[in-house]
Amino acid sequence: MNYILSAIIRGSIPFIIMSLLSGIMKFQRLDDYQVKSTFITGLIVTAVVAASVIYEVESWSLIKQSIIHFLIMLLTVYPCLVFSNWFPNKTALDLVKIFGLFLIVGIILWTVADILFGKILK
C-alpha cells in the first residue's frame, strides 16, 4: 500500500474518534479547556500514528527514518504543545522549556520503542 495512503488511513482513525469525543464534550457543555485538550490530544495522537509509516520504509536507514519522524513531530506535535495552554508560553524561555520537554519525552519514547521493537520483538 502507498505510504501516504496508509498514513492517512492510520491517522484518520484517532482523529475521527477524538474529534467526535470533543464534539460530544462540547455538546454536553463541558469545560472548554477540557474540550480543547481532548481535541489537541487527538491531533498529537493522529500525527504520531500517521507518521509511524516512516518506519516501514525499508530502503531508509533507521537514522533517516528517525530524523524524518523527528521533523514531522517538530512540525506537528510541538505546535500542539505550544498552543494547548498546558504549559506557560509567554516568553522565548517558555518555548525553549516546552521544546526541552518535547525532546526529553521524544528521546525516551524513541529509546523504549527501539528496545522493544528493534531488539526484544525481533
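The sequence shown begins at 9 in the numbering used here and counts up by one. We put the CB at the ideal spot given by N, CA and C, even for glycine.
- Setting aside the 5 residues that flank it on each side, ILE80 is surrounded in the same chain by ALA59, each with a C-beta closer than 6 Å to its C-beta; the list follows chain order.
- For the segment 61 to 125, not one full-length beta strand (DSSP E) segment reaches 3 residues or more.
- DSSP, reduced to helix, strand and coil, places LEU28 within a helical segment of the structure shown.
- Judged by beta-carbon spacing, TYR63 lies within the 8 Å limit of GLN73, meaning their Cβ atoms are closer than that value.
- Short of 7 Å from the beta carbon of PHE125, and not among the five residues preceding or following it, lies no beta carbon of its own chain.
- In the DSSP assignment, LEU51 falls within the alpha helix (DSSP H) that extends over 40 to 59.
- Rounded to whole angstroms, the gap between the alpha carbons of THR84 and ILE52 is 7 Å.
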